[in-house]
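Everything in the sequence shown is counted per the working numbering, starting at 2 for the first residue and increasing by one.
Even for Gly, the Cβ is constructed at its ideal location relative to N, Cα and C.
These notes concern the structure reproduced below.
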Amino acid sequence: MVADWAGKDNDSDQLFFTKIYIDPEKRVQNEVVLKFEDGRVRARNVMYDTLPVIVHGNGPTKINYLGNYIPKVWTFETGCTVCDEDQRPLSGLKESEYPLVVIGIFIQQPTPFVSVFFERLLNLKYPKDRLKLFIYNQEPHHEKHVSSFLEDHGTEYQAVKVIGPEEDMDSLASRNLGFDVCRQDRDCEYFFSVDVEVVLKNADTLKILIEQNRPIIAPMLTRPGRLWTNFWGALSADGYYARSEDYVDIVQGRRVGVWNVPYISSVYLVKGSVLKTDLSASDLFYSETLDSDMTFCHNVRNQGVFMYVTNRHEFGRVLSTENYRTTHLHNDLWQIFENPLDKRIQGGYENVPTIDIHMNQVNYEKEWQKFLLDYITPITEKVFPGYYTRAQFDLAFVVRYRPDEQPFLRPHHDASTFTINVALNQVGIDYEGGGCRFLRYDCSIKAPRKGWSLMHPGRLTHYHEGLPTTQGTRYIAVTFIDP
Numbered sequence: 002m003v004a005d006w007a008g009k010d011n012d013s014d015q016l017f018f019t020k021i022y023i024d025p026e027k028r029v030q031n032e033v034v035l036k037f038e039d040g041r042v043r044a045r046n047v048m049y050d051t052l053p054v055i056v057h058g059n060g061p062t063k064i065n066y067l068g069n070y071i072p073k074v075w076t077f078e079t080g081c082t083v084c085d086e087d088q089r090p091l092s093g094l095k096e097s098e099y100p101l102v103v104i105g106i107f108i109q110q111p112t113p114f115v116s117v118f119f120e121r122l123l124n125l126k127y128p129k130d131r132l133k134l135f136i137y138n139q140e141p142h143h144e145k146h147v148s149s150f151l152e153d154h155g156t157e158y159q160a161v162k163v164i165g166p167e168e169d170m171d172s173l174a175s176r177n178l179g180f181d182v183c184r185q186d187r188d189c190e191y192f193f194s195v196d197v198e199v200v201l202k203n204a205d206t207l208k209i210l211i212e213q214n215r216p217i218i219a220p221m222l223t224r225p226g227r228l229w230t231n232f233w234g235a236l237s238a239d240g241y242y243a244r245s246e247d248y249v250d251i252v253q254g255r256r257v258g259v260w261n262v263p264y265i266s267s268v269y270l271v272k273g274s275v276l277k278t279d280l281s282a283s284d285l286f287y288s289e290t291l292d293s294d295m296t297f298c299h300n301v302r303n304q305g306v307f308m309y310v311t312n313r314h315e316f317g318r319v320l321s322t323e324n325y326r327t328t329h330l331h332n333d334l335w336q337i338f339e340n341p342l343d344k345r346i347q348g349g350y351e352n353v354p355t356i357d358i359h360m361n362q363v364n365y366e367k368e369w370q371k372f373l374l375d376y377i378t379p380i381t382e383k384v385f386p387g388y389y390t391r392a393q394f395d396l397a398f399v400v401r402y403r404p405d406e407q408p409f410l411r412p413h414h415d416a417s418t419f420t421i422n423v424a425l426n427q428v429g430i431d432y433e434g435g436g437c438r439f440l441r442y443d444c445s446i447k448a449p450r451k452g453w454s455l456m457h458p459g460r461l462t463h464y465h466e467g468l469p470t471t472q473g474t475r476y477i478a479v480t481f482i483d484p
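Okay, here's the thing in structure tokens:
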């Protein structure tokens, strides 16, 4: 290759290499792969089976991907060798010395578990007087969640700015405005962008990202049981998703490190100094052809700013919002299929208008059976060894007991192989009395605590009655399983 040099000693070698690269007969792109050796990694030219000593890339190439490994950045023997370099430790600082962070929260569509999102935000291990909040909410359905959070905790933060549905601001403008809050504050050192569907289970996330000290960095988030994440390892020729060779290994934790990637989304930390210099343009999210997240990453790459994703810690996941509906009183209960790890169902709800409400009356049969299969069936196999259930039922309903309405239940057999009875509110607080008495054994069970279940055989053996509720209102969820 060097034999083709025809220039002078002071001519541009950059131009020389560029001409070679744009020559389709000489350049290689897709033919370059990684060759892992003992303790080191090299680039391998598959076409010529050579090991180049120079790797040169211009424009949209996979040079950044190769740079995640070579020359000795990451190997199977050592793991990441540079992840702890140039860090910004916070452990030696007083809380008053922590960098000021603007947290941008973006609510762009109806989303489940928003109240839980704010609980996790509140639990971030970072001094709140070093945090400013920028909250963009374009969904009237979530105004109550935002208002409740700010009413209880807004004064704990250094400052709060809210853009609500009544301001009719589009989502692209809101993200630029969020960046401006940091750009216009000379003390702002970081902007932490978080979409409301993000579930940050790691309370140290913000500190971890700051200490990693990258211009832009995202925590890797997944969706359980899928290979979906909030980053791409490569791009296709038209700028859309392409799976990099290492993507699955990174997602499944077989390769751990801090990775230079072409696309991140949902949650990321941007240095304030980068926003005020390289990314000072006001149109970072605007494009006539690309979605806003892709446009942002495209503009970041064009400015020569590297984006990173880290999977060195477990951070959390991203909720699925595609099938979320707001037509129920407690919409989160309908998420057992879409977001099964967010078990809001365990809390119980009290708002039932009549004595008995059947699951089919509120279109909740499929979700309830999923709950039974996932949580009750495994317990059944331990309590009743040798019995296996598919959690079939004809009757599943919520019962209301009141002293002046339906205080007790007369002795009876259940039309079931076994029955579960889940307490939905708290004895001693919401009501007094209650419970169940098995007449044949003269055995009485006091009302279990909220969220706990009484499980017992049904027909023939366990003739029983519901004990009187003497004060307040008691709610239970009853299911006759395998009738």
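- Measure the CB-CB distance between R450 and V428 and report whether it falls below 8 Å. yes
- Query: Do Y99 and P53 have their C-beta atoms closer together than 8 Å?
  - Reply: no
- Along the chain, which unbroken stretches of the beta strand (DSSP E) at least 3 residues long are found entirely within the segment 65–140? 101–108 and 132–138
- So which of F37, H463 and I482 has the shortest CA-CA distance to D247? F37
- Select from S417, Q253 and V182 the residue whose C-alpha is nearest the C-alpha of Y137. V182
- What did DSSP end up calling Q407 once you bin it into helix, strand or coil? coil
- Task: State buried or exposed for F77, treating a residue as buried only when at least 16 other CB atoms are found within 10 Å of its CB.
- Result: exposed
- Within 10 angstroms of its Cβ, does N231 collect 16 or more other Cβ (buried), or is it exposed? buried
- Item | Distance between Q472 and D415 (C-alpha atoms, nearest Å) | 26 Å
- Query: In whole angstroms, what is the alpha-carbon distance linking L173 and W369?
  - Reply: 39 Å
- Query: Cα-Cα, which of I218, R401, V363 and P412 is closest to G459?
  - Reply: P412
- Item | Beta-carbon proximity of N177 to F286, cut-off 8 Å | yes
- Message: Among I71, D130 and V197, whose alpha-carbon lies nearest the alpha-carbon of G105?
- Response: V197
- Message: Let me make sure I understand the geometry here. Which of R302, G155 and G254 has the alpha-carbon closest to that of V275?
- Response: R302
- Limits of the unbroken alpha helix (DSSP H) element including D250: Y248 to V252
- Item | Residues of its chain near D250, where Cβ-Cβ distance is below 7 Å and the 5 sequence neighbours each way are ignored | R256
- Classification of K95 by the beta-carbon crowding that lies within 10 angstroms, buried from 16 upward: exposed
- Task: Tell me R391's beta-bridge partners as DSSP assigns them.
- Result: DSSP, once it has assigned bridges, lists no residue as partnering R391.
- What is the C-beta distance between L468 and S445, in whole angstroms, given that I count them as a contact (C-beta under 8 Å)? 7 Å
- Cα-Cα separation between F119 and D153, rounded to whole angstroms: 11 Å
- Query: Is Y241 helix, strand or coil when you go by DSSP?
  - Reply: coil
- Which value, in whole angstroms, describes the spacing of the CA atoms of K277 and C189? 10 Å
- Message: Between which two residues does the alpha helix (DSSP H) holding W213 run?
- Response: For clarity, residue 213 is Gln in the given sequence; the question names Trp instead. Note, Q213: alpha helix (DSSP H), T206 to Q213.
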